[in-house]
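For the sequence shown, the numbering used here assigns the number 9 to the initial residue and increments by one for each residue that follows. A short write-up of the structure that comes next.
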Amino acid sequence: MNAAALGLSPLDARLQGELDGFRAADLYRARRVVEGSHGVGLVVDGRACVSFCSNDYLGLASDPRVAEAARTALSRAGTGSGAAALVSGYNREHAQLEDELADYTGRARALLFTSGWAANLGTLRALFGKSDSLLCDELNHASLIDGARLAGSRYVRVPHADLDGFATALDDAKAQGGEIGIISDSVFSMDGDEADVPALASMARRHGATLIVDDAHGLGVTDSGAMRHADVYVATLGKSLGAAGAFVAGSDALIEFLIQRARTWVFSTAPPPAIAAAARQALQIIRSEPEHQARLHANIARFRRGIEALGSELPFTLSPSTTPIQPLIVGPAGPAMALSRRLFERGYWVAAIRPPTVPAGTSRLRVTLSAAHTEAQIDGLIVAIADASAHKD
Ligand SMILES: *Cc1c(COP(=O)(O)O)cnc(C)c1O
């Protein structure tokens, strides 16, 4: 039966065909509804579970002090910021947050964006153009890939974490002329490993290239050196800070230039002041209470010890990561989904990550640890993983 006979528009017929293909390949994606506030204990689709798939690494998304700061700002400043920052949307809360982020990162200035996506697209498009070369780690976040593409520069895909690859690409790029940008995540979001930021920085310096580092998964969690070494430092406020939005930090000239030219910033409504207030409070907690980071790292070590003690007869391999992102690489998408489902049935929520988010044949369970997890919750997850791995269905 053709599309018209089914009553489908040409668009819907095309989309339905593609959707059927995703389903057949175990690549169909769907959301689960979370009730109440974010945290390690969640009610999902009506049932209680322990979440191991959040980027709220320090548990600040449900910290009462952060919520209270947002509430206070809400009653003072209302909900929406009303306009883009260059028009009339730049609230005192935004200005103070930018000052505090500049101070925290040790940079002259910081500029607040509505999201990490907006920050990366707007910044790369503003700083680079057609005659330039962008050298990008192949596992960079999608927003860095799209930002580099949007800039229209020569896109050079460098093998993951390959310093020799970057060096060769730099030599090639110099021969082409134009500006050169080196672009990398600090902590890679699906693997949890870290870029060698100091090495990339010295390479950039030697060749007059600009180093752009996205520290979305490092800020507040682990120090890759990005704050000290990147010419353009990007990080988000929606992960370890438990709020939303993102920022770029760097020199005075960099920030002034982005204010003139970053289209995702110029033409976008400023974030709600209450979100900036929440991020300010979260930043203050990160700066004054190092115990959250210490507990997070103890939890990471406990998880790794637990998995290693299960032995080698497992349907996955544990990646060598020291960050809160602890992927269990399964391989094909179907078995990764099945393992995730069996864990969910046992009360543990661990997302399966499949292509195109990760390369084909490397589907995985992306376990993420939080400072808010208890030892009992981590031990419970290990038992559930052992049990779900032994169980075939
Ligand atoms: C999450 C993430 C982003 C996107 O940030 P949002 O604020 O969620 O849009 C950008 N880069 C990296 C490395 C990320 O992990």
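Note that beta-carbon positions come from the ideal geometry of N, C-alpha and C, so glycine has one too. Note that the structure is a prediction, hence the values are computed from the model and not measured.
C-alpha of A217 to C-alpha of L135: approximately 12 Å in a straight line. A direct Cα-Cα distance of roughly 18 Å separates L50 from D387. Counting only the Cα atoms, Y356 lies some 25 Å from A252. By the neighbour-count definition (other C-beta atoms within 10 Å, threshold 16), R374 is a buried residue.
In this structure, A92 is the residue among V41, R22, A92 with its C-alpha nearest to the C-alpha of R271. Exclusion of N99 from the 7 Å shell around ligand 1 follows from its C-beta lying no nearer than that to any non-hydrogen atom of the ligand. When DSSP reads this structure, P298 sits in no beta bridge, so it has no partner. Look at V391 here: in three-state DSSP terms it is helix. Straight across, the Cα-Cα distance linking P280 with S89 is about 5 Å. Per the coordinates, the alpha-carbon of T122 lies some 43 Å from the alpha-carbon of A317.
Of the other Cβ atoms in all chains shown, 16 or more fall within 10 Å of the Cβ of H102; this residue is therefore buried. For P72, there is no enclosing beta strand (DSSP E); the residue is found in the alpha helix (DSSP H) stretching over 72-85.
Each of P328, E321, V48 was checked against the Cα of A309, and the nearest Cα belongs to P328. Judged by their CB atoms, S232 and E187 are not nearer to each other than the 8 Å cut-off.
Excluding sequence positions up to five before and after A344, its CB lies within less than 7 Å of the CB of V338, A360, R362, S371, R372, L373, all in the same chain and listed in chain order. By the neighbour-count criterion, in which 16 or more other beta carbons inside 10 Å mark a residue as buried, G155 falls on the buried side.
Looking from the CA of D193, the closest CA among A181, V166, L19 belongs to V166.
Judged by DSSP secondary structure, V338 falls within the beta strand (DSSP E) whose first and last residues are 333-339. Within its own chain, the residues whose Cβ lies closer than 8 Å to the Cβ of T80, once the five positions on either side in sequence are excluded, are A285, listed in chain order.
Classified as buried, Q385 has 16 or more neighbouring CB atoms from the shown chains inside 10 Å of its CB. It is roughly 10 Å from the alpha-carbon of H168 to the alpha-carbon of F174. Counting along the chain, the unbroken beta strand (DSSP E) around L219 starts and ends at 218-222.
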